[in-house]
Structure formats: C-alpha cells, structure tokens
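Residue numbers (the UniProt record's numbering): 1 to 310.
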C-alpha cells in the first residue's frame, strides 16, 4: 500500500500556536529570550577564554556548555520566530532531517557534558590534591571530543531510523520544529520498532548520565559532611549549586519528553515542554552560573574595570 503513494518531499510546521492575537506578543518575548541567550552564552565563553583565572577544567566545561546551549537554541528558535510572522512554515524533507539530527546531537551532548561536569566536581572536592593531575587539559579535551563523537553517533542512529520510514502524507507537523514524536505520527507505516529504539536510546542515555551524576554527588556529600570547617563546606557546596540547578531543569524536561512512549504525551503538552528545554533553559544557564558563581562575577568585574577610563 505504501508503494502506491507519493513520497513526501516537504513538511509544513504549524508552529507553537495558531492564535493570531498571541503571535505578536510571543514574537517579541521569544526574540528577547533568544537575544539574552546568545549574549549570555557568548559572553560566558569570551569571559572564560580571556580571563586567566578561569582557565580551569570547571570553566572549560562551562564554556563548552555555553557553546552547546547557544547552538541548541539557534537550531530551532529562528524558525520559531518566523512562525509567529507567517501562517505556516514549509521545510524540505532533507531540511527536516538535518534539523532533527542537530537537535538530537545537542541534546545528547548536553546530557553527557552535565555528567562530565559532575565528575569534575567530584574530582575537585573529593581529591583536591590530585585534581589538576586527574583532570588534565588533555583529558578535558578528550572528554569533550568523546561527548561530541557519541552525540553524533546517537543522532545519526535515531534520525536514520526515523527517516527510513515511508512518509506519503499528510505532511503537516503539529510542532514548531522537526522533533521525533510529531514526525513519527506522520509515517505511513508501523512505528512501534522506531519508538522502542528512541525510548531505549533516551532511557539508556538518561540512566547512564544520571548514574554518574548521582554517584559523583553521593561521594561529594560524604566528603562535605566530613569537613570540619563550615566555610569549606559552604565553598564546596556553592560550586555544586549551579550545576545541580541546571541538572534538575534539563533532566526533568527531557525525561518527560523522551523517556516514555510518545503516545502518552499530548502534542500541545509536548510543545510547552519543548519550549522549556530548547529556548528557556539555554537562556537560564549563563544566568544561573553567573549569578551564583563568585569567580565568574569577580572576572566580570575585572573585565568591566579594565574598560573604565583611568
């Protein structure tokens, strides 16, 4: 039956909302959020790479996180903004596959990087004397390369399975970007196998990274409890607070989205959750790390003072 239908060559994205009266307000709101996201994340990257006192593994990983967040947001937010100005948005079959691949890549990379950052905090707090030996520059670069290699592999696997399915119409995606669940709804074949693969891949990724995070923070908690100085305890916990906040925000949303069968989630609910992890969280991360981090605030102050006329 599938062979008697014409293969879809393009899709129509419905966008975030079809209520015309909301589109103008949402355009201004999301344009502001996107501007803050780019300025905040690029600002963090520049600050870390120009301030010698921030040339440590912790801030190296933070600069990579900022790069991932700015890239993550850039993949879908410009199209989201465009959808507020037009009735519907067309995207080619290949363009849809590329967008899905990039979104999956950056989502996977953020999961893995947050786990690496938890291990970094474990090494710094539990083994401070060996920290710079364990977390050498070579190892840090190697971990980031491994993160991107694994992310590319996972992205290629999931996107490949999704787009191997036949799409013969309808071609209207009830979303503002080519996400896996709404695209699978359009396949004119049984999607059970692909859904199982997506669910298994997402669950394994979340389970693997969450295990690293929980074990790392369990050791950190034990080490902090053994510290005799209250000041040392506060310093150790303050370096973890921002990271824990980011973990709770990001993992909460992706677990809701991908670690359960797609049929369990209403599409309207999926859109709201997607906005949170693709648009809002990339904006919040630099604010969380800047406002709660004394080193970043001190570096920003030094940079501002250098620019003031003597």
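For each residue, glycine too, the CB sits at the ideal point set by N, CA and C.
- Annotation for residue 99: the continuous alpha helix (DSSP H) segment containing it runs 93 to 126.
- Assignment of beta-bridge partners to residue 90 by DSSP yields 12.
- Counting other Cβ atoms within 10 Å of its Cβ, residue 175 reaches 16 or more and is therefore classed as buried.
- In this structure, the CA atom of residue 85 is about 22 angstroms from the CA atom of residue 283.
- Rounded to the nearest whole angstrom, the CA to CA distance from residue 102 to residue 162 is 14 angstroms.
- Sorting 104, 41, 137 by C-alpha distance to the C-alpha of residue 157 places 104 at the top.
- Residue 160 has its alpha-carbon roughly 19 angstroms from the corresponding atom of residue 169.
- Residue 72 and residue 100 have their alpha carbons spaced roughly 11 angstroms apart.
- Where residue 146 is concerned, the enclosing alpha helix (DSSP H) starts and stops at 137 to 164.
- If you look at residue 57, you'll find it in the alpha helix (DSSP H) that goes 57 to 83.
- Residue 300 and residue 256 have their C-alpha atoms some 36 angstroms from each other.
- Nearest C-alpha to residue 171 among 90, 31, 57: 90.
- As far as DSSP is concerned, residue 275 takes part in no beta bridge.
- Rounded to the nearest whole angstrom, the C-alpha separation of residue 8 and residue 167 is 5 angstroms.
- Contact annotation, residue 201 with residue 154: C-beta distance approximately 6 angstroms; criterion of less than 8 angstroms satisfied.
- Less than 7 angstroms separates the beta-carbon of residue 10 from that of residue 92.
- Partner residues in the beta bridge of residue 173, as assigned by DSSP, are 13.
- Exposed is the label assigned to residue 20, since fewer than 16 other Cβ atoms lie within 10 Å of its Cβ.
- For residue 193, the three-state secondary structure derived from DSSP is helix.
- Annotation for residue 147: 109, 112, 113 place their beta carbon closer than 6 angstroms to its own, counting only its chain and skipping 5 residues before and after.
- By alpha-carbon distance to residue 17, the top candidate from 60, 41, 173, 115 is 173.
- An exposed status is given to residue 208, since fewer than 16 other beta-carbon atoms sit within 10 Å of its beta-carbon.
- When only Cα atoms are considered, residue 139 and residue 206 end up about 23 angstroms apart.
- Rounded to whole angstroms, residue 137 and residue 124 show a C-alpha spacing of 14 angstroms.
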